[in-house]
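J.: The sequence shown begins at 3 in my numbering and counts up one residue at a time. Every residue gets a Cβ at the ideal spot worked out from N, C-alpha and C, and that includes glycine. This structure is a prediction, so every number in the text was calculated from the model and none was measured.
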Amino acid sequence: MFFHIVLERKMQLHPRYFGCNIRDNLVSKLMKDVKGTCSGRHKFVVAVTGIENIGKGLIHDGTGFVTFPVKYQCVVFRPFPGLIRDRKHRSC
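(1) Nearest to P17 by alpha carbon, out of L28, G38, L9, F82?
(2) Would you kindly work out how many angstroms separate the C-alpha atoms of M33 and A49, rounded to a whole number?
(3) Can you give me the Cβ contacts of L60 inside the same chain, cut-off strictly under 6 Å, excluding the 5 residues immediately before and after it?
(4) Beta-carbon within less than 7 Å of K73's beta-carbon, same chain only, minus the 5 sequence neighbours each way: which residues are those?
(5) Among the candidates R80, F67, M3, whose CA atom is the shortest distance from the CA of G42?
(6) Could you name each continuous beta strand (DSSP E) segment of 3 residues or more that falls completely within the stretch 52-83, going from the start of the chain to the end?
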């Protein structure tokens with residue numbers, strides 16, 4: 003079954019990505035890091051559909067990295083026991 007849910011993740015951003023487009027860099031990093039991953043609770047993340055909130059960043063002393071809490075909407079696939087999925091089989 004597919005579900006549309008809201009998740010939260012702490013994203014760490016390197017100082018070289020700071021600037022006018024810091025939000026775009028953060029969103030593209032989130033999509034790259036999250037899409038296609040599997041977690042024990044929510045199962046497979048199929049796609050990120052939107053960003054709900056990006057919180058204030060926390061600067062790490064000595065490294066310059068900043069951690070942002072990001073709340074995002076995504077589509078997840080969670081198979082249940084006995085669930086049958088249709089698919090096409092392609093020979094090699």
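T.: On the basis of the supplied data:
(1) Position 15 of the sequence shown, counted from the start, is the residue given in the question as residue 17. P17 has its Cα closest to that of L28, out of L28, G38, L9, F82.
(2) As a working mapping, residue 33 is identified with position 31 in the sequence shown. As a working mapping, residue 49 is identified with position 47 in the sequence shown. Rounded to whole angstroms, M33 to A49 spans 8 Å at the Cα level.
(3) The residue you call residue 60 lines up with position 58 of the sequence shown. Only T69 meet the Cβ criterion.
(4) Taking the first residue of the sequence shown as position 1, residue 73 is located at position 71. Counting only Cβ-Cβ distances below 7 Å, and skipping sequence neighbours, we find V8, E10, E54, N55.
(5) Along the sequence shown, one-based indexing puts residue 42 at 40. The closest CA to that of G42, considering only R80, F67, M3, is found on R80.
(6) 68-79
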